[in-house]
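Participant: To start, I am sharing the structure in question, which I have written as structure tokens.
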Amino acid sequence: MLSIRGLRAGYGGIPVVFHLDLDVGEGEIVALLGANGAGKTTTLRAVSGMIPPMAGTVTLAGERVSGRPAQRIARLGVVHIPEGRGIFPSLEVDETLRLAATMAGAPRRGVAGTVDEMYATFPALARRRGQAARHLSGGEQQMLALARGLIHGPRVLMIDEMSQGLAPTVVDALFALVGTLPQRGVSLLLVEQFVSRALQLASRAYVLEKGEVRYAGSAAALAADEAFVRGSYLGDAGEPAPVMR
Numbered sequence: 008m009l010s011i012r013g014l015r016a017g018y019g020g021i022p023v024v025f026h027l028d029l030d031v032g033e034g035e036i037v038a039l040l041g042a043n044g045a046g047k048t049t050t051l052r053a054v055s056g057m058i059p060p061m062a063g064t065v066t067l068a069g070e071r072v073s074g075r076p077a078q079r080i081a082r083l084g085v086v087h088i089p090e091g092r093g094i095f096p097s098l099e100v101d102e103t104l105r106l107a108a109t110m111a112g113a114p115r116r117g118v119a120g121t122v123d124e125m126y127a128t129f130p131a132l133a134r135r136r137g138q139a140a141r142h143l144s145g146g147e148q149q150m151l152a153l154a155r156g157l158i159h160g161p162r163v164l165m166i167d168e169m170s171q172g173l174a175p176t177v178v179d180a181l182f183a184l185v186g187t188l189p190q191r192g193v194s195l196l197l198v199e200q201f202v203s204r205a206l207q208l209a210s211r212a213y214v215l216e217k218g219e220v221r222y223a224g225s226a227a228a229l230a231a232d233e234a235f236v237r238g239s240y241l242g243d244a245g246e247p248a249p250v251m252r
């Protein structure tokens, strides 16, 4: 499905990620983990077109997407929910979703139906449809970010720090929801500070250290290797990790 080969990416001509190879299969959930500054967010930004890769290729189902504009990559099926959610605080929930549906290419007469599908998935948003995003709780804002991403009909959804700053009960609900997405044909690439939860959800995991892959393999095997987890600055396997970007 999503294949990354030899990715090098960074800022101002200085690479942060080096020669990264990563795969996300159809219907698969993959965790991308690592300490602060390891290159996880940079990887997602390069894949989604938010920053141009310095080298390497990204393909989706065999079609090259690297080097294309971010909006085009999203329409091809690779959607990125950035750290911090990336929503517009002054827009109402309904305005946000209608705008997303329009940008995703929904026909004018189909926008309402597309938005209603998101309200069915996220009933809490339906109850807040007339509220500006700034007035939503942190959990509701994350739901809005997820709904906006799902409106694009992604084949691969990349989520950066979904649980950041949220109460445990909200985190539980969000993880339960994203865990059902492969049943809807959506593969997931998760960057997540809550290491234990990410490894429970994922089938495979990658660990980055200083921009290079230190581990690639079974998520269950990684979760069982507590010494490796601690040595990689991922925190206690049963606790949220230290701040990781």
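To convert, take the position in the sequence shown, counting from 1, and add 7; that gives my numbering.
Glycine residues also receive a C-beta, built at the ideal position from the N, C-alpha and C atoms.
Give me the Cα-Cα distance between residue 30 and residue 121, rounded to the nearest whole angstrom.
Facilitator: Approximately 30 Å, taken between the alpha carbons.
Participant: Tell me the DSSP bridge mates of residue 66?
Facilitator: Residue 66 pairs with 10, 71.
Participant: On the three-state DSSP scale, how would you describe residue 194?
Facilitator: Note: residue 194 maps to strand in three-state DSSP.
Participant: Rank 17, 205, 158, 230 by C-alpha distance to the C-alpha of residue 123 and give the top, closest one.
Facilitator: For residue 123, the nearest C-alpha among the options comes from 158.
Participant: Going by DSSP, what residue range makes up the beta strand (DSSP E) through residue 30?
Facilitator: It spans 21-31 - the beta strand (DSSP E) in which residue 30 sits, taken as one unbroken run.
Participant: Between the stretch 56-70 and the stretch 132-139, can you find at least three pairs of beta-carbon atoms closer than 8 Å?
Facilitator: No, the stretch 132-139 is not in contact with the stretch 56-70.
Participant: How many Å lie between residue 77 and residue 52 at the Cα?
Facilitator: About 9 Å.
Participant: Compute the Euclidean distance between the alpha carbons of residue 47 and residue 119, then round it to the nearest angstrom.
Facilitator: If you take the alpha carbons of residue 47 and residue 119, they lie about 35 Å apart.
Participant: According to DSSP, which residues form a beta bridge with residue 41?
Facilitator: According to DSSP, which records beta bridges pairwise, residue 41 is partnered with 215.
Participant: State the Cα-Cα distance for the pair residue 89 and residue 44, rounded to the nearest angstrom.
Facilitator: Cα to Cα, the separation comes out at about 16 Å.
Participant: Cβ atoms of residue 239 and residue 221: under 8 Å apart, would you say?
Facilitator: Yes.
Participant: Go ahead and pull the three-state DSSP assignment for residue 94.
Facilitator: If DSSP states are grouped into helix, strand and coil, residue 94 belongs with coil.
Participant: Can you find a heavy atom of the ligand NAP that lies under 7 Å from the Cβ of residue 171?
Facilitator: In terms of ligand content, the structure shown is empty, and the ligand NAP therefore cannot be addressed.
Participant: Do residue 194 and residue 91 have their CB atoms nearer than 8 Å?
Facilitator: No; because the gap between Cβ atoms is not below 8 Å, this pair is not in contact.
Participant: Assuming residue 60 contacts residue 12 under a Cβ cut-off of 8 Å, what Cβ separation, rounded to an integer in Å, is found between them?
Facilitator: Contact doesn't hold; Cβ gap of about 11 Å is too wide.
Participant: Go through its chain and collect everything with a Cβ distance to residue 235's Cβ below 6 Å, but skip five positions before and after it.
Facilitator: Answer for residue 235: no residue qualifies.
Participant: Could you work out which residue in 188, 187, 173 is closest to residue 199 when comparing CA atoms only?
Facilitator: Taking only the C-alpha atoms, the option nearest residue 199 is 173.
Participant: Between which two residues does the alpha helix (DSSP H) harbouring residue 179 extend?
Facilitator: Residues 175-185.
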